[in-house]
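Inspection log for the structure reproduced underneath, given as structure tokens.
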Amino acid sequence: MEKTTVCILDDEPIVGDRLKPELEDDGYGVEVFTDSASALKRLDETCFDIFITDLKMEGVDGMGFLEKVKDKCPGSEVIVITGYGTLESAREALIKGAYDFITKPFRIGEIRAAVKKAKKKARRNSA
Amino acid sequence: MSTITLQLKLKLFIYLGIAIFLLNIPVIYFEITKLNERLLNLELAEDLYNTILEVRRYEKNFLLYHDRDSVASNRYYYEQASELFSKASAQFQKSSLQSDIVQLGKTLLAYGEFEKFYKKSSPLTVNEDIEAKLRTAGKNVVDAADMLLIMQRRRVARAAQNALWWPLIFMGAMLLLFLIGAKIIISDVVQPFGLIEKAMGKVARGDFSPIPYGRKDEQQASHMVVSFNRMVQELESREEQVIHSRKIASLGTLVSGCAHELNNPINNIVLTSDVLNSKRKMTPERQAQLMDDILKQALRASEIVKNLLEFSRAQTSVHKEFDLAVLLRETLRIAENHIKLSHVTLHDEIDANLPRITGNHQGLQQVFLNLTTNAVHAMQDGGNLTIRAQRENSSKIKVQVEDTGTGIAKDILPHIFDPFFTTKDVGKGTGLGLSVSYGIIKKHGGQISVKSSAGQGTTFTIILPVREKRNST
Chain G
1299 MEKTTVCILD
1309 DEPIVGDRLK
1319 PELEDDGYGV
1329 EVFTDSASAL
1339 KRLDETCFDI
1349 FITDLKMEGV
1359 DGMGFLEKVK
1369 DKCPGSEVIV
1379 ITGYGTLESA
1389 REALIKGAYD
1399 FITKPFRIGE
1409 IRAAVKKAKK
1419 KARRNSA
Chain C
15 MSTITLQLKL
25 KLFIYLGIAI
35 FLLNIPVIYF
45 EITKLNERLL
55 NLELAEDLYN
65 TILEVRRYEK
75 NFLLYHDRDS
85 VASNRYYYEQ
95 ASELFSKASA
105 QFQKSSLQSD
115 IVQLGKTLLA
125 YGEFEKFYKK
135 SSPLTVNEDI
145 EAKLRTAGKN
155 VVDAADMLLI
165 MQRRRVARAA
175 QNALWWPLIF
185 MGAMLLLFLI
195 GAKIIISDVV
205 QPFGLIEKAM
215 GKVARGDFSP
225 IPYGRKDEQQ
235 ASHMVVSFNR
245 MVQELESREE
255 QVIHSRKIAS
265 LGTLVSGCAH
275 ELNNPINNIV
285 LTSDVLNSKR
295 KMTPERQAQL
305 MDDILKQALR
315 ASEIVKNLLE
325 FSRAQTSVHK
335 EFDLAVLLRE
345 TLRIAENHIK
355 LSHVTLHDEI
365 DANLPRITGN
375 HQGLQQVFLN
385 LTTNAVHAMQ
395 DGGNLTIRAQ
405 RENSSKIKVQ
415 VEDTGTGIAK
425 DILPHIFDPF
435 FTTKDVGKGT
445 GLGLSVSYGI
455 IKKHGGQISV
465 KSSAGQGTTF
475 TIILPVREKR
485 NST
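First to last, the sequence lines map onto chains G and C.
Just so you know, we're using my numbering here: the first sequence kicks off at 1299 and counts up by one.
Just so you know, we're using my numbering here: the second sequence kicks off at 15 and counts up by one.
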């Protein structure tokens, strides 16, 4: 079976740096981006199974990125992470098709669990 | 008087005015009637006098010609006079002329005594003794009638005077009443209006001090002034509420900004700790890097908290006297590199002869550096930055920082001075710059305002007062 691919987009480099090895240990193929422009460029080339994106970013923000992902890769699942979660932003993200909404600070375990569940959903989408 | 309301006072005056007017009518009616009556009596007295003169004319004729005709005429007019006298005595009986009428009656009666003499004397011869007596009696009658006439004329004159005086007295009373009423209206209505007009001007300028009046005028102070003061008090507390709610609103922005800013380093620390805690194997270098990350992120969080404290703390700053033009040029030198790198052209329109000002040197430098940096940020593709400083008037200096950058959208313009409000991307702006600048300018007793149109550019205008040296706080 092919590796499930994960794209991590957060302008805080530490987030990607810490999550990447952990998720790779779980058997995912992980790519990390710290700006939305390069992530979008990569999105043109391939659809990841799972996207993890921050909300507040330079250029295209997390909400815009979510829309573009859902537009191009309807079968992919998106997990939104944010430093300041409000009910409004959570609702907006879910309406736009996010799979989960996690507020910072979070534990690595939470992300691993969320990715695991998202993987099942993504599998069902492609099946 | 003190507790009577203005309305009651005015009512009282109106009723008093009506009462005086109504009293005026019967008094004048009475006076005119009296005058009329006296005029009629005067006519009667004149008739009587003239008739008595006729009596005496025929008496003279008789004494000259000793004829029967003269006697007959004399008797005729005497009868007439007696008739008029009885009429007059009825009229004058109860007046002040009673003694005069009685006197006239006596003389008439005495004159009448000579009738016997006429009847007896035939032929009509008169001795000198009787002639003298007759003349004396006649003269007495004329004198008494004349006296009555003179007295009655005086009474008519008095009545006419009274009929003239009473209306004058009433008019005087009305005038007095009117003057007192006008004085009350002026002191209770017009003067308070003047005070309120002045106070309203002050309220419009944001000064909520009540209209002053001393303890002893307290009872006389118009209800209007008291009500106005109450309203002003209410307004002031409302404004405090508005300011408070604005503070709470900006506290919301502050809290959300703070949460966002702090949650990122905290998240980094949590993730790194999780990695260190996991049983995964790692090189000592990697371990050292993770430890270093935790330290760096913790310092980053504490830096944010420090900034926040600096923002909220009333900074104790040293005030000194300095040249604003020099400060502005220093600021531009600091920003020089940034300006050049962004391909921005600087236009220096700073008047070198600005008056010296007293203030927080460091704080003001921070303000102008902040405005300059913002301006350059708004012109990523180059543009013109103009720094203008000139004397506005004898007590104010105007400084303008003008850019030709992206401008500020109308909907966010009201928020730019809110703490933590920022349009810059994460990590590039704290959202504290303009709110701190606002606070610094306000502390100098100055004003900061902004004009902007999207796509055209932005102009920040700062007005700073030129003051005599003041005590540093």
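Heads up, the beta-carbon is just placed ideally off N, CA and C, and yes, glycines get one too.
Secondary structure of residue i, DSSP reduced to three states
i       : result
C/I430  : coil
C/R405  : strand
C/Q461  : strand
C/H357  : coil
C/G397  : strand
G/K1402 : coil
G/P1311 : helix
C/V480  : coil
G/T1303 : strand
C/K108  : coil
C/K334  : strand
C/N367  : coil
C/T436  : coil
C/A158  : helix
C/P226  : coil
Backbone CA spacing between residue i and residue j [nearest angstrom]
i       : j       : result
C/A328  : C/K457  : Any answer about C/A328 is weak, because its pLDDT of 43 lies below 50 and its placement is not dependable; what the coordinates show is given next. Those two C-alpha atoms are separated by around 10 Å.
C/A366  : C/N281  : 51 Å
C/D83   : C/K120  : 26 Å
C/I28   : C/E211  : 28 Å
C/S467  : G/S1387 : 29 Å
G/T1344 : G/E1390 : 25 Å
C/P40   : C/L22   : 28 Å
C/G397  : C/D417  : 7 Å
G/V1328 : C/V269  : 34 Å
G/G1395 : G/P1372 : 9 Å
C/G208  : C/I42   : 43 Å
C/A173  : C/L53   : 9 Å
G/S1380 : C/V358  : The sequence given here has Thr at residue 1380 of chain G, not Ser. Approximately 36 Å, taken between the alpha carbons.
C/L448  : C/V464  : 11 Å
C/L323  : C/S409  : 34 Å
G/I1406 : C/L285  : 6 Å
C/A196  : C/F44   : 32 Å
C/E250  : C/N38   : 55 Å
C/I318  : G/N1423 : 43 Å
C/A95   : C/D61   : 9 Å
G/I1400 : C/I426  : 29 Å
G/L1338 : C/V381  : 38 Å
C/A253  : C/V246  : It is Glu, not Ala, that sits at residue 253 of chain C in the sequence shown. Going from the Cα of C/E253 to the Cα of C/V246 covers about 10 Å.
C/E363  : C/I401  : 6 Å
C/Q105  : C/I198  : 52 Å
G/L1385 : G/L1392 : 11 Å
C/N351  : G/C1305 : 38 Å
C/K130  : C/I115  : 25 Å
C/I183  : C/K101  : 36 Å
Nearest neighbour of residue i, chosen from the options [CA to CA]
i       : options                        : result
C/L111  : C/V480, C/Y125, C/F131, C/R167 : C/R167
C/T437  : G/G1357, G/L1385, G/R1421      : G/G1357
C/G459  : C/G469, C/K216, C/V480, C/P428 : C/V480
C/F76   : C/L178, C/L148, C/I66          : C/L148
C/L378  : C/I462, C/E254, C/A102         : C/I462
C/F431  : C/V415, C/Q414, C/I454         : C/I454
C/P279  : G/D1308, G/K1301, G/A1420      : G/D1308
C/S223  : C/E248, C/I199, C/Q205         : C/E248
G/E1310 : G/D1398, G/T1351, G/E1375      : G/T1351
C/Q414  : C/V390, C/G421, C/T386         : C/T386
C/L56   : C/L98, C/I34, C/V85            : C/L98
C/K48   : C/R169, C/M161, C/E145         : C/R169
C/V156  : C/Y63, C/V204, C/P226, C/Y91   : C/Y63
C/V240  : C/K153, C/A218, C/G215, C/V203 : C/V203
C/K510  : C/K412, C/A403, C/I411, C/T472 : Outside the modelled stretch of chain C, which goes from 15 to 487, sits residue 510 of chain C, for which no answer is possible.
Identified DSSP bridge partners for residue i
i       : result
C/Q414  : C/R402, C/T475
C/S96   : Answer is none; C/S96 lacks a bridge partner.
C/T372  : C/E335
C/D362  : C/I401
C/G186  : None, per the DSSP bridge assignment.
G/G1327 : G/T1303
C/S467  : C/G471
Which runs of the alpha helix (DSSP H) spanning at least 4 residues fall entirely within the region 270 to 325 of chain C, listed in chain order?
none
Minimum length 3: unbroken beta strand (DSSP E) runs contained in the region 1329 to 1385 of chain G
The qualifying runs are 1348 to 1352, 1375 to 1380.
Residue ranges of each alpha helix (DSSP H) run of no fewer than 4 residues wholly in the region 15 to 93 of chain C, ordered along the chain?
20 to 79
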